[in-house]
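**Q**
There are 2 protein chains.
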Amino acid sequence: MSKPIVLYSHATGPNPWKVAIILEELKVPYTTKFINMADMKKPPFETLNPNGRVPVIEDPNTGITLWESGAIIEYLVQTYDTTATLTYTSSPERFYVSQWLHFQMSGQGPYFGQAVWFTRFHEESLPSAKKRYHDQVKRVFYVLDKALEGKQWLVGNKCTIADLSFVTWDLMLPFIFGDDTGSLELEKNYPNYFAWNKRLMERSAVKKIVKDKTEATAVHE
Amino acid sequence: MSKPIVLYSHATGPNPWKVAIILEELKVPYTTKFINMADMKKPPFETLNPNGRVPVIEDPNTGITLWESGAIIEYLVQTYDTTATLTYTSSPERFYVSQWLHFQMSGQGPYFGQAVWFTRFHEESLPSAKKRYHDQVKRVFYVLDKALEGKQWLVGNKCTIADLSFVTWDLMLPFIFGDDTGSLELEKNYPNYFAWNKRLMERSAVKKIVKDKTEATAVHE
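In structure tokens, the structure reads:
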């Protein structure tokens with residue numbers, strides 16, 4: 001039995017929960033430390049991660065401290081998923097997993113993040129900036145929907161970290177589109193994406209994290 | 001001698017040139033096909049990459065077609081850098097390389113890209129959006145500068161794909177800040193970053209790509 005990994009997290013931030021889903025899937029023991037936004041960009045937390053963001057993990061079993069959710073997920077499967085249940089060791093599949101993980105990191109996360117920013121936090125209302133990012137969110141659905149045509153999962157015939165990495169930003173949709181979320185008509189406009197997302201949401205690890213996140217949001221700043 | 005890899009590229013886009021630097025470093029033969037922006041989001045190119053962007057590679061030696069610059073770079077070192085000159089096979093170093101590559105993909109590329117967008121291409125001038133991304137660019141310098149304190153390279157004591165992946169977006173600075181580029185006072189404000197960037201720019205692979213990009217910009221749309 002390995003010692004629990006420490007996961008530095010935030011109640012509402014999607015990226016730490018992305019890591020938590022993988023920990024749950026792999027049944028790797030972990031404890032969560034919630035960090036307030038105000039404490040992220042100064043020591044002692046900034047000493048762990050010069051980028052001043054969560055997630056960060058500390059793994060007492062290997063001594064590593066690591067940040068960037070994409071790199072943490074790769075570390076977790078390479079260290080704890082010894083039978084490759086959530087990834088592939090063969091080529092070309094393992095490179096396709098990397099491709100989709102990088103698309104999630106560079107194409108979904110940042111654009112969904114900017115959509116949240118201009119919808120909820122920017123100092124003034126900028127309709128054309130908001131529209132830019134709402135359109136980018138729809139473009140991500142379009143790309144995923146096209147890639148999933150005739151397929152259950154993004155790579156091969158099993159659920160991998162590539163699929164699972166998209167879940168927690170997708171949970172932010174109501175936060176981005178508010179009352180207009182329904183008008184996206186996801187099932188009609190992006191049927192492959194919609195069915196895939198449903199398959200992901202039905203996994204017990206994902207269900208547990210959705211519940212944990214809701215509970216954490218109620219008690220942490 | 002391996003058959004040349006086909007690299008789909010664009011004259012001004014930073015991401016294909018990031019891949020070209022690694023191909024040059026590894027002395028892997030390749031040919032470049034330039035794609036116009038207008039042709040990226042429709043077949044036949046969209047069939048290669050549902051995300052409708054460059055870079056994409058086709059490698060006749062393995063039969064793989066791959067997109068996302070971060071994934072392509074990982075593929076290239078794992079396939080062609082058999083003595084790990086530009087990466088590490090040992091832990092924790094290989095995970096730190098992954099961490100910085102993911103930071104480049106999610107933290108530098110997208111934010112520098114939005115800074116370019118709101119400075120050069122957005123339909124209206126939005127000073128507060130422009131300021132947001134100019135500040136984010138400076139924050140990336142701050143993070144790199146802090147991480148490079150007392151160090152020559154981001155991971156261990158050699159130049160890796162982690163370092164090299166930052167070069168081509170850094171070349172966009174004059175495009176983002178225009179006449180104000182000098183007022184960033186990079187050498188004074190981010191001395192570790194400045195010295196590191198200079199070391200990178202002195203590498204022969206980087207010099208060649210800077211020259212190739214300048215020449216391509218003169219003849220391709």
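So the sequences go chain by chain: A and B. Be aware that the first sequence starts at 1, since it is given in the UniProt record's numbering, and climbs by one per residue. Be aware that the second sequence starts at 1, since it is given in the UniProt record's numbering, and climbs by one per residue. Glycine included, every Cβ here is placed at the ideal spot set by N, Cα and C. Just so we're clear, the structure is a prediction, and the values are computed from it rather than from any experiment.
Looking at B/N15 and residue 267 of chain B, is the spacing between their C-beta atoms short of 8 angstroms?
**A** Residue 267 of chain B falls outside the range modelled here, since chain B spans only 1 to 221, and no answer is possible.
**Q** Return the first residue and the last residue of the alpha helix (DSSP H) that B/S2 is part of.
**A** Careful: B/S2 lies outside any alpha helix (DSSP H) and carries neither H nor E.
**Q** Does DSSP put residue 299 of chain B in a helix, in a strand, or in coil?
**A** Here chain B covers residues 1 to 221 and nothing more, so residue 299 of chain B does not appear.
**Q** Thinking C-beta only, is B/L164 closer than 8 angstroms to B/E25?
**A** yes
**Q** Cβ-heavy atom distance between A/W67 and the ligand ATP below 7 angstroms?
**A** For the structure depicted, the ligand ATP is absent and the ligand set is empty, with no information on it obtainable.
**Q** Consider the Cβ of A/Y75: report whether some Cβ of chain B lies at a distance smaller than 8 angstroms.
**A** At least one chain B Cβ lies under 8 angstroms of A/Y75.
**Q** Look up B/S125 in the DSSP assignment and say whether it is helix, strand or coil.
**A** coil
**Q** Using a Cβ distance threshold of 8 angstroms, determine whether the segment 110 to 120 of chain A contacts the segment 83 to 91 of chain B, with at least three qualifying pairs required.
**A** no
**Q** Should A/K33 go down as buried or exposed, given a rule of 16 or more other Cβ atoms within 10 Å for buried?
**A** By the C-beta density criterion, A/K33 is exposed, having fewer than 16 other C-beta atoms within 10 angstroms.
**Q** Measure the Cβ-Cβ separation of B/A20 and B/I209 and say whether it is below 8 angstroms.
**A** yes
**Q** On a Cα-Cα basis, can you pick out the residue from A/L66, A/P60, A/L173 that is closest to B/Q99?
**A** A/L66
**Q** Any beta-carbon of chain B closer than 8 angstroms to the one on A/E185?
**A** no
**Q** Just list the alpha helix (DSSP H) runs in the UniProt domain "GST N-terminal" (3 to 84) of chain A, keeping only unbroken ones of 4 residues or longer that don't cross its boundaries, in chain order.
**A** Restricting attention to alpha helix (DSSP H) runs no shorter than 4 residues, the UniProt domain "GST N-terminal" (3 to 84) of chain A encloses them at 14 to 26, 37 to 40, 45 to 48, 69 to 80, ordered along the chain.
**Q** In terms of residue numbering, what span does the alpha helix (DSSP H) encompassing B/T89 cover?
**A** Neither: B/T89 is in no alpha helix (DSSP H) and is coded neither H nor E.
**Q** Return the chain-ordered list of same chain residues with a C-beta closer than 6 angstroms to the C-beta of B/A129, the five sequence neighbours on each side being excluded.
**A** F118
**Q** DSSP three-state label for A/G109, please.
**A** Note: A/G109 maps to helix in three-state DSSP.
**Q** Given this structure, state the Cα-to-Cα distance separating B/Q104 from A/D180, to the nearest angstrom.
**A** 33 angstroms
**Q** Mind the definition here: the segment 53 to 66 of chain A touches the segment 3 to 10 of chain A only if three or more C-beta pairs lie below 8 angstroms; say whether that holds.
**A** yes
**Q** Which same chain residues, not among the five before or five after A/C159, have their C-beta less than 6 angstroms away from its C-beta?
**A** W153
**Q** Kindly indicate if chain B contains any beta-carbon less than 8 angstroms away from that of A/E215.
**A** Cβ-Cβ to chain B under 8 angstroms: no for A/E215.
**Q** Tell me the DSSP secondary structure of A/Y133 in three-state form.
**A** helix
**Q** In chain A, which residues lie less than 9 angstroms from B/A71 when you measure between Cβ atoms?
**A** F95, Y96, V97, S98, Q99, W100, L101, H102, F103
**Q** How would you call B/V54, buried or exposed, if buried means at least 16 neighbouring beta carbons within 10 angstroms?
**A** buried
**Q** Near A/V137, what residues of its chain come up, given a Cβ to Cβ distance below 7 angstroms and the 5 sequence neighbours on each side ignored?
**A** Y111, F112, A115, I176
**Q** Please report the distance separating the alpha-carbon of B/S204 from that of B/V140.
**A** The straight-line gap from Cα to Cα measures roughly 25 angstroms.
**Q** With A/E93 as the anchor, note down where its alpha helix (DSSP H) starts and where it stops.
**A** 93 to 103
**Q** Can you pull the chain B residues whose beta carbon is under 7 angstroms from the beta carbon of A/W67, in chain order?
**A** Q99
**Q** Apply the 10 Å Cβ neighbour rule to B/D135 and answer buried if 16 or more other Cβ atoms are within range, or exposed otherwise.
**A** exposed
**Q** In whole angstroms, give me the CA-to-CA distance for A/N51 and B/Y190.
**A** When rounded, the distance between both Cα atoms is 15 angstroms.
**Q** List, in order along the chain, the chain A residues whose C-beta lies closer than 7 angstroms to that of B/P60?
**A** Per Cβ cutoff of 7 angstroms: no residues; B/P60 is ~13 angstroms from chain A at best.
**Q** For chain B, check one thing: does any of its Cβ atoms lie closer than 8 angstroms to the Cβ of A/A147?
**A** At least one CB of chain B lies nearer than 8 angstroms to the CB of A/A147.
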